[in-house]
Every structure is written in structure tokens, then in C-alpha cells.
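**Student:**
Number of protein chains: 2
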Amino acid sequence: MQKQKVRTAITPTREENYPEWYQAVLKAADLAEHSAVRGCMVIKPWGYSIWENIQRILDGMFKETGHQNAYFPLFIPLSYMEKEAEHVEGFAKECAVVTHHRLEKGPNGKLIPAGELEEPLIVRPTSEMIIGHSYAKWVESYRDLPILINQWANVVRWEMRTRMFLRTTEFLWQEGHTVHATKEEAIEETKKMLDVYSTFCHQYLALPVIRGEKTESERFPGAVNTYTIEAMMQDRKALQAGTSHFLGQNFSKSCGIQFRNVAGEQEYGWTTSWGATTRLIGAMIMAHSDDDGLVLPPRIASAHLAIIPIIHSEEARAKILSYCDELSSRLKKVHYHGQPLRVIVDVRDMRGGEKSWSWIKKGIPLRLEVGLREMEAGQLQVARRDKPHKEMTPFAEEGIVHLLEEIQANLLAKATAFRDQHTVEIRDEKTFKEFFTSKGDEIHGGFALCHFSEDAQIEAKLKDEFNVTVRCIPLHLPQKPGKCIFTGKAGSTQVIFAKAY
Amino acid sequence: MQKQKVRTAITPTREENYPEWYQAVLKAADLAEHSAVRGCMVIKPWGYSIWENIQRILDGMFKETGHQNAYFPLFIPLSYMEKEAEHVEGFAKECAVVTHHRLEKGPNGKLIPAGELEEPLIVRPTSEMIIGHSYAKWVESYRDLPILINQWANVVRWEMRTRMFLRTTEFLWQEGHTVHATKEEAIEETKKMLDVYSTFCHQYLALPVIRGEKTESERFPGAVNTYTIEAMMQDRKALQAGTSHFLGQNFSKSCGIQFRNVAGEQEYGWTTSWGATTRLIGAMIMAHSDDDGLVLPPRIASAHLAIIPIIHSEEARAKILSYCDELSSRLKKVHYHGQPLRVIVDVRDMRGGEKSWSWIKKGIPLRLEVGLREMEAGQLQVARRDKPHKEMTPFAEEGIVHLLEEIQANLLAKATAFRDQHTVEIRDEKTFKEFFTSKGDEIHGGFALCHFSEDAQIEAKLKDEFNVTVRCIPLHLPQKPGKCIFTGKAGSTQVIFAKAY
């Protein structure tokens, strides 16, 4: 007998087709859309406000850890890119190249590029080479160090397969670039910023992430070590949500960042870089949303509460609307994590049910329907986005912050339980292969914690056969050395394997 | 007899060489520097923090007037640019063009552009054409209107002569793009946003601006009307500090933004766009700074107060430093225009005088030197950046906000007086020509208020001969029609002529 199908606001459901569900959630919540420019997206107001919240909070965390913002050019001269061999090799296949600086009428009257540049310019895919060039001029003595700078910017990587928020040709991000006098200090910075990302994901996105180090094959081009935070999505795939790189002296040498140390000798600086992108929004969507649409963690939500007036008669209209406006004004004076509550009174000319569903799909944490009777009796009911849509809780103004915090905690707990449920220790190759082999179309796999003796060939083979990669060598594990499940080599470290975005 | 020369921190002085003085102020304040990429600048932390303050305040004003932020692609397909003939003609000469999407090894082993695009992409010089394309999809019915969206972004205009903050190839800005159901509403929006810019300049940058309309020859390419705010710099030149355009139905027609009106008929939308850029920082610098360097209006300043410990003995060090830290912590809890006071304790290892001068050059509004004797006597003295550098005022913690507001008001009053002093009504061509003719290298001219019957040929001639343009037809004047000073034509409007940045 077939399971009776529950009607959901989003079609298909996660189980039916996860990638299509994701696109449908984006569309139903009006977060973003494809643009006419290959691989580029338009971030619509409801989606962009999430990015504004991410920016505000992360920026505060960067400043608290001593960083300042600056801005460097969008373009990188080709000759700069070439200075770091590994780096340019890593990005050469995905560089947008500016070759002309004007347009003129061609022979058929159509405009064509003109004014060819002597040296082509790369639209920055990342800014190590252009920022490094400035730092080389700024740094003279150990007294000039550390340099702790961050930049909020757009970058372009010409991706062949794009997916909104997760991988787009142009994306928004922040990139921190620092220079230190010692190796130890640079490593400390690299790890500190990884912790900032991890804290941010847990506390704001309600996203439990695993902090870890990348294996060589997954390192940032030119880095000595790359650290990552990895989150599990509801299709049990991993998503890299931020990275922090210890660059050693590689970029200092190619850019010429030298300083006079205390002893008066010239030394190369030790640099780091670290970045997080609009991808965080994709991670948040895929971790929390359900078959009725987007679910927004309150601390990062575009808005916290939608007040929906239910008007059955014209006489009641003015009364209800003024009640809603007053309630909204009062609530907007309440502070939640240092910001005024974001409250919307939905006065659109449409049925109440339709309105409610539009807010469910948009993921707003709380919905409050205000009808005449409930209003006069002082017995309003509020609906939580993290509960079934018909479940109501008595509404009390003074309890709203508590309610939001409860939702926030609930989302983190749910995502953590889901991740833990689908994280397994695997001790042999056969089980590993079964774990990552689907028996049809259904969602399978997860995080496989295995002893592995780092080997690029095995990694390439696993990627090829199962589309599985080493996500990281987790930092939180005690790391008892054991036997590699593929080679039997003793003294191997424990790593996490997973399919990944 | 030669005037005795006063020693100044900036060489040359404004009088000696205004353009070089400007560059020297930027350098001494560590605001920005030229990058290796032609015409692009690096905005350093002290400069970027001014932009962060501008962004925060303007963004708040945009949101209060009902606008939301969104983000649209950096690239515009060439075919889109071509859809609005006047528009593309206006920008064709300064477009950076992306023609390739990867790099590969050329015959000599050097990297060369590869993967030629089928259609070249323009790096946005402004976003009417790309945003209009999205709006055409978003707008169906009058119920979808108005659309009130702003974007914070970088844009590129390939300028031949660049000057930091004033005119750079890449610059940062915001661009508002709105669609309305009626012409009246769109015109109202255009003027409302001009007022927002004007209010912002007066209240925050201490910059008195004149609101006005541009003549046809100075209009934004494709606009029906362009409104502008014009400020006077200390060399008496005008600087356009923001513009707001009523675009009529021009862009709606080229992008296909149509809506069903209440009567069920299809109509083209009425659009506006308005923008302000990092140029505002240049305007602020040139309006207030002096021969000792940058002068920052407190409401927009990177920091408000530099506390400078004066340590003459090792015994006193700990005492003085802990006093400074405590004072700083207390002051950071004081709010000034909704933000905590920004206080710096300057513990650098250099002489007190040197420190003081570095803060003078950086334009910080207040400097507080803390020596042992004054500290113990509770008689600290504070120095104001808007007063001669040796003039001190007794310092009182509780008076600091008032002091900052006094400086803010003082800067606005000074700039207003300067502008008014150099604004003259001119009634005949001869006086006009004298006014704009220099008798050597010295600073001359100003704003010339003249009756003028709009005539593009005369405008071209004046630009050619005197480098003078019509800055605007001011909105604040009663506009008694009069005789054109060039043609004698009656019924001409009063306009402002000036040399301009």
C-alpha cells in the first residue's frame, strides 16, 4: 500500500528530489533568481537582508579580534597572477579576463570591444596577489606588523556548473589578509579566524560545523595548510562553509613582503587569508528548511514576526489595523541580540490563509494572526515556523525574545542530531563502499569517520568512483592513530569522508 | 616684503598648489594610495572607515524612506547595453570589457587569455540595463509597484585622468533604482532622494550643497531630468556630490518594464535612479582640510578622540596607561549619534609631539594629551582639530559629545560662509569672463549666479574657453526670470556656473 502523501507547500519534497527541492525553496521564498549573465545570480531583498545580517555580525566579530576593513582593486594585472605558480594554476581555468577598455561601432554598425589593453586584467577570483603587492609597500619593519585587514567584496570564478548561493560565477564574500612577524603568530591567526567562523555558524546560523584541516589535494592553491568548517546538509552531503589558510612565506616571497626584524635583519612575512561567502546562505537554507519552504534561524532572519490582520468585516478593519500597528511599534522597540525586532504588518489585499502560507514559505520565525475576537479577548495565538503549521502557542508580548531564542536553540539541536545520526565510524573498505553507494535515488551516506593514511591517488580514485572526498582531518577528535582502512598502514589519522557541495 | 611663511604639516599649502596639497593630505592621513592597476586606488583602513560610516548612515536613510537592498550582477551583456541608444553612447568610451573566461599557456610559455566569450560582457559602469532586465520580469501589475531598491556595489568607468576619491576607474557607490506607476510619483521619488543626499551632506559631512537641476548637456545618458547636489571646494571649484535621475519611460521601454494598470491596460513603468559614491570622501576632504592635513567632521570621523599618554618616567608609565585605558573604556560607553564614541589610546613607541602631529594630519576631531601632573591634578586639556593646534580647552568627560557637536557645527558654518563669500551674482558677460580668468596661478572664481537661456553651443564654448560649466539650475531660488547675460534673451532662468571637478 502506498504511503498517503501529505500536501506540502514545496514540490518536489526533499525526499523526492533534493536539488529541485532546493531551487523550489529559493523561488517560493523569493530569495534569489538566475540572471541573464551566465552563472550569475540576482540576490533579491529577502535574500540580501540575510547577507546584511551575516555581514553585520561577522564584521563585528572581525573588529573585536582586531581587524580593520579596507578596499583593494577589482582587477589584477595578469603578470601579478603569474608570480605564484601554484596559485595561478589553481585559478587559471576560471578567470574572467578584461582585454579592452571601450566600445566602438564595428563594420556592421554593431558595437565591438576596442582599445585593447597592453596587459590583460583578471577580475579578482581572490585577492592574495593584489593585496600582497600593497602589503609589500606597507611593511618595512617588525613595528608595522601584524597587518590585520579584511575586505568585503565581490569576486568572480568562471564556474561551469553553478547553483544559486552554493556556486556562482560572481559571488559576494569577505576575505581577510594578514601578515605576521612569526610563523607561530600566523598559525594562531589562521586558527583563531576558523574559530570565529565556527562560532558564527553555531551561534547565528544554528549550523553545527566540524572544524578541521584539509588534506593536500583539497588545499587552497599556494597555501601551506588550509583549515575548513564543514556542515552536513539534509541530503547528508557536506558543505564547506568557510576556510582559513596558513600561507607560510609563499605569498610573501612572490609579492616581496619583507620586514626588518628586531635584530635588524630582513625577513619574509608570514601570511594568512580566510574567507566566507554568500554560500553561507545556501548552507543555512539546506540545513534547516523543510517541505513547506524556507526556515530562518531567528538571529539571522530577514524579519522575526509577521503580523497578519484577519479582517472579516469592514467595520472591524480600522480597529484591527490600528491594533496591529500599535503592537508592531511596541515590538520594534524590543531588542533582540542588539538589534530592534524586525516586525512586518502584512496589509496586502489577499486572503489570510494565503498570507500565512507566503510567510511560511519565506521562513519567518513567527506568525501572528490577529482576528477581532481573539484581539478583544486578549488571546492571540502565535505560530512558530519550527513547529507544524497548525500548532499555535498563546502569544505574550514579553515572551517574544524567549520564543525566538527557543526556536534558535531548537534548530541547532535538530541540525546537530541529524548530523550525529548520519556520522558513522567506518573500519573497513567494504562498509565504506556500501555506505556511499545508493540503492536507487534515495538520500544515503553521510559523514564517514575513517582512519586514512593520506594518499592523493586513493583520494582521486574515491572521488572518481563514489564522488567522495576527504572533507577534513577534524580538530576536535583525540586522534588515536589507527590502521588506514584502504592500505592497512598503521599510525593513520582519522578523517571525515563525504560527498560534498 | 615677503610674508613670513608659517610652517605647516602639509607641503605645498592650499594656496601654493591646491591639487598637490590634496594628494599630500591623502598621503599624510594614510587614507588611500594609487594601486598598480591603472586608475584604481587602494582605500586604506583610515579612509575606508569613513566610507563605512557613510554607508551606515545613508543606508539607514534609504531604509527609512522605504527602500530595500538587493544585489545584481557585475557584468552586463553587450547586447543589453545597446538597447538604450543614448545610454550606451554615454558610456561606450569608458567600458571595461571581459572577452575571455580563462587563461592558458601561450606559445612562449606565458599565460594568455583563452576561452573567448560568445558575447562580450561589460563590467557595469552603472546598472540601469541589468537591473531593468530583472524589473521587467518582476513587474506585472500595478500591485507590484512601486519597486524601491538600492544596491551597494563597485562600478568601473575607464577614466583617462583619475584623481583619488574624485575620479577613479573603479569606485564604490550605491545606486537606487525604482519603478513607479505614475510620472508624478517617479518625479517625487527623484526629488525625495535628492533631498536625502542633501540632508546627509549638511548633517553629516558638514557640507553645504546646492540642490539643482542639470541642463541637457550635463544630464545622465538616457535621463529625462538629472538633479544634482553641488558643493564648493576650497579652490572655489564645484564638486557634484550626488545625482538623482528621473528616467521617464526611456529605460522601461528599452528593458520592457510594463504593468497592468487598475483599468487592466498595459503601461510602461516610470523609473528613477540615484547614486552617491566614494567621491563624497573627496568632497569632505577638500571642503574642510587645512594646511596641517585632514579635518574630519565628527559625525563621520573614523575616530573621535585620540588619547596620547605623555610618559616622562618609567615609574609613571603604568599609572598613566591604566588611567588612559579606564578613561577610554568609560568614553566608549558614551553614545554619539547612536554609535559608541570611537576612542584610540595611542601607545606607540614615539615622542608625544610626533604622535600629536600624526593625529592632526589624520584629522581626528579631538586630541587629549595625558601627562602625570595634569592627570593627578584632574586638569586635562583637550585640543580641537578645528582650532589652532596649540589652543587647548579644559577637558570634561561629560562635555565630550557637546564638544564634538560644536566642532561639527563649526565646520558647517565655516564651509557655508566660504561658499557664500565666493558666490556672486553676475549680470554681464564681461564680469563673467573676468571672474573666471586667473591673474596668474592663484585660486580665483567661485559660483557665478547668472541668468542664462539654456543653449548647448554657448555651454560648449564656455567649457572650451574657461573650463566653466553650468553646475545646475538651483531649486532654492525664487527664479525671477531675467535677461540671459550672453544672448540678452528675456525670461531666462538663473543658473550657477563654475569650474568643476
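Residue numbers (this note's numbering), protein chains in the order written: chain L, 299 to 799; chain S, 299 to 799.
Quick reminder that beta carbons are idealized off the backbone N, C-alpha and C, glycines included.
These numbers come from a predicted model, not from an experiment.
Using a Cβ cut-off of 7 Å, pull out every chain L residue sitting near Pro411(S), in sequence order please.
**Tutor:** Taking the second sequence and counting its residues from 1, the one referred to as residue 411(S) is at position 113. Correct list: Val395, Thr397 and Pro418.
**Student:** Can you tell which of Gln532(L), Glu752(L) and Leu702(L) has the C-alpha that lies nearest to the C-alpha of Arg717(L)?
**Tutor:** As a working note, residue 717(L) is residue 419 in the first sequence. Of Gln532(L), Glu752(L) and Leu702(L), the residue nearest in Cα terms is Gln532(L).
**Student:** Within the same chain, show all residues whose beta-carbon is closer than 6 Å to that of Ala322(L), passing over the 5 residues directly before and after it, in chain order.
**Tutor:** The sequence position of residue 322(L) within the first sequence is 24, counting from 1. Ile308, listed in sequence order.
**Student:** In terms of alpha-carbon separation, which member of Ile618(S), Tyr621(S), Glu612(S) and Val699(S) lies closest to Val632(S)?
**Tutor:** Here residue 632(S) refers to the residue found at position 334 of the second sequence. Of the listed residues, the one whose Cα sits closest to Val632(S) is Val699(S).
**Student:** Buried or exposed for Lys303(L), going by 16 or more other Cβ atoms inside 10 Å?
**Tutor:** Taking the first residue of the first sequence as position 1, residue 303(L) is located at position 5. When all chains shown are included, Lys303(L) counts as exposed.
**Student:** Please work out which residues of its chain come closer than 6 Å, Cβ to Cβ, to Val421(S), disregarding the five sequence neighbours upstream and downstream, and give them in chain order.
**Tutor:** Locating residue 421(S) in the second sequence gives position 123, counting from the first residue. Cβ within range, chain order: Ala394 and Val454.
**Student:** Under 8 Å, Cβ to Cβ, is there at least one residue of chain L near Met299(S)?
**Tutor:** In the second sequence, counting from the first residue as 1, residue 299(S) sits at position 1. Bear in mind that a pLDDT of 48 at Met299(S), under 50, signals an unreliable position, so the model cannot answer this.
**Student:** With burial defined as no fewer than 16 other Cβ atoms inside 10 Å of the residue's Cβ, what is the status of Asp647(L): buried or exposed?
**Tutor:** The sequence position of residue 647(L) within the first sequence is 349, counting from 1. Taking all protein chains shown into account, Asp647(L) has fewer than 16 neighbouring C-beta atoms within 10 Å of its C-beta and is therefore exposed.
**Student:** What did DSSP end up calling Val668(S) once you bin it into helix, strand or coil?
**Tutor:** Locating residue 668(S) in the second sequence gives position 370, counting from the first residue. Reduced to three states, the DSSP call for Val668(S) is strand.
**Student:** Would Leu625(L) be called buried (16 or more neighbouring beta carbons within 10 Å of its own) or exposed?
**Tutor:** As a working mapping, residue 625(L) is identified with position 327 in the first sequence. Buried, since its Cβ has 16 or more Cβ neighbours within 10 Å.
**Student:** Less than 8 Å separating the beta-carbons of Gly358(S) and Thr466(S)?
**Tutor:** One-based indexing of the second sequence puts residue 358(S) at position 60. One-based indexing of the second sequence puts residue 466(S) at position 168. Result no, Cβ atoms of Gly358(S) and Thr466(S) do not sit closer than 8 Å.
**Student:** Hey, does Pro375(L) have any beta-carbon neighbour from chain S nearer than 8 Å?
**Tutor:** By one-based count along the first sequence, residue 375(L) stands at place 77. For Pro375(L), the answer is yes, since a Cβ of chain S falls inside 8 Å of its Cβ.
**Student:** Expressed to the nearest angstrom, what Euclidean distance is found between the alpha-carbon atoms of Gln679(L) and Val641(L)?
**Tutor:** Taking the first sequence and counting its residues from 1, one reaches residue 679(L) at position 381. Taking the first sequence and counting its residues from 1, one reaches residue 641(L) at position 343. Between Gln679(L) and Val641(L), the C-alpha separation is close to 16 Å.
**Student:** Could you give the DSSP three-state label for His700(L): helix, strand or coil?
**Tutor:** Against the first sequence, residue 700(L) aligns to sequence position 402. Here His700(L) sits in helix by DSSP.
**Student:** Distance cutoff 8 Å, beta carbons only. Does His635(L) sit that close to anything in chain S?
**Tutor:** Against the first sequence, residue 635(L) aligns to sequence position 337. Closer than 8 Å: no.
**Student:** Are three or more beta carbon pairs between the region 479 to 499 of chain S and the region 707 to 725 of chain S nearer than 8 Å?
**Tutor:** no
**Student:** Taking C-beta to C-beta, are Trp568(L) and Glu483(L) nearer than 8 Å?
**Tutor:** Along the first sequence, read from residue 1 onward, the residue named residue 568(L) stands at position 270. Along the first sequence, read from residue 1 onward, the residue named residue 483(L) stands at position 185. A contact, by the Cβ cut-off of 8 Å.
**Student:** Determine contact between the region 524 to 541 of chain L and the region 550 to 561 of chain L, defined as no fewer than three beta-carbon pairs at a distance below 8 Å.
**Tutor:** no
**Student:** Under the rule that 16 or more other beta-carbon atoms within 10 Å means buried, what is Ser790(S), buried or exposed?
**Tutor:** As a working note, residue 790(S) is residue 492 in the second sequence. Buried, because 16 or more other Cβ atoms sit within 10 Å of the Cβ of Ser790(S).
**Student:** So if I threshold CB-CB distances at 8 Å, which residues from the region 349 to 380 of chain L count as touching chain S?
**Tutor:** Trp349, Glu350, Gln366, Asn367, Ala368, Tyr369, Phe370, Pro371, Leu372, Phe373, Ile374, Pro375, Leu376, Tyr378, Met379 and Glu380
**Student:** How would you list, in chain order, the residues of chain L whose beta-carbon sits under 8 Å from the beta-carbon of Ala390(S)?
**Tutor:** Walking along the second sequence from the start, residue 390(S) turns up at place 92. Those within 8 Å of Ala390(S) in chain L are Arg400, Leu401, Glu402 and Leu409.
**Student:** Taking the alpha helix (DSSP H) that Gln321(S) falls in, what are its first and last residues?
**Tutor:** As a first step, residue 321(S) is located in the second sequence; it is residue number 23 there, counting from the start. Element bounds for Gln321(S): Tyr316 to Ala327.
**Student:** Give the DSSP bridge partners of Ile756(L), in chain order.
**Tutor:** Here residue 756(L) is taken as the residue at index 458 of the first sequence, counted from 1. For Ile756(L), DSSP records no beta bridge to any residue.
**Student:** Gln777(L): buried (16+ other C-beta within 10 angstroms of its C-beta) or exposed?
**Tutor:** As a working mapping, residue 777(L) is identified with position 479 in the first sequence. Counting Cβ neighbours within 10 Å, Gln777(L) comes out exposed, since fewer than 16 surround it.
**Student:** What do you get for Pro813(L), buried or exposed, if any count of 16 or more other CB atoms within 10 angstroms of its CB means buried?
**Tutor:** Outside the modelled stretch of chain L, which goes from 299 to 799, sits residue 813(L), for which no answer is possible.
**Student:** So which residues of chain L does Ala434(S) contact, with C-beta pairs closer than 7 Å?
**Tutor:** Within the second sequence, numbered from 1, the residue matching residue 434(S) stands at position 136. Per Cβ cutoff of 7 Å: no residues; Ala434(S) is ~11 Å from chain L at best.
**Student:** Measuring only between beta-carbons, confirm whether Arg437(S) sits less than 8 Å from chain L.
**Tutor:** Taking the first residue of the second sequence as 1, we reach residue 437(S) at position 139. The sequence as given places Val at residue 437(S); Arg does not occur at that position. Closer than 8 Å: no.
**Student:** Where does Trp568(L) sit, in a helix, a strand or coil, going by DSSP?
**Tutor:** As a position in the first sequence, residue 568(L) is number 270, starting the count at 1. Three-state result, Trp568(L): strand.
**Student:** Given this structure, state the Cα-to-Cα distance separating Leu505(L) from Leu464(L), to the nearest angstrom.
**Tutor:** Position 207 of the first sequence holds residue 505(L). Position 166 of the first sequence holds residue 464(L). Near 16 Å, if we compare the C-alpha coordinates of Leu464(L) and Leu505(L).
**Student:** Roughly how far, in whole angstroms, is the beta-carbon of Pro405(L) from the beta-carbon of Pro418(S), given that I think they are within contact range, below 8 Å?
**Tutor:** By 1-based counting over the first sequence, the position of residue 405(L) is 107. By 1-based counting over the second sequence, the position of residue 418(S) is 120. Pro405(L) to Pro418(S), Cβ: 16 Å. No contact.
**Student:** Using the beta-carbon count (16 or more within 10 Å), is Thr575(S) buried or exposed?
**Tutor:** Position 277 of the second sequence, counted from the start, is the residue given in the question as residue 575(S). The residue in question, Thr575(S), is buried, as its Cβ has 16 or more Cβ neighbours within 10 Å.
**Student:** Is Ser627(L) close to chain S? Criterion is C-beta to C-beta, closer than 8 Å.
**Tutor:** Along the first sequence, read from residue 1 onward, the residue named residue 627(L) stands at position 329. With 8 Å as the cut-off, Ser627(L) does not count as an interface residue toward chain S.
**Student:** Check whether the Cβ of Glu468(S) lies closer than 8 Å to any Cβ atom in chain L.
**Tutor:** Within the second sequence, residue 468(S) is the residue found at index 170, counting from 1. Cβ-Cβ to chain L under 8 Å: yes for Glu468(S).
**Student:** In angstroms with no decimal places, state the Cα-to-Cα distance between Leu492(L) and Glu473(L).
**Tutor:** Within the first sequence, the letter at position 194 stands for residue 492(L). Within the first sequence, the letter at position 175 stands for residue 473(L). Cα to Cα, Leu492(L) sits roughly 13 Å from Glu473(L).
**Student:** Which residue marks the beginning of the beta strand (DSSP E) containing Thr488(S), and which one marks its end?
**Tutor:** Stepping through the second sequence from its first residue, residue 488(S) is reached at position 190. From DSSP, Thr488(S) is part of no beta strand (DSSP E) but of the alpha helix (DSSP H) over Lys481 to Gln501.
**Student:** Of the residues that make up the region 503 to 525 of chain S, which ones have a beta carbon closer than 8 Å to any beta carbon in chain L?
**Tutor:** none
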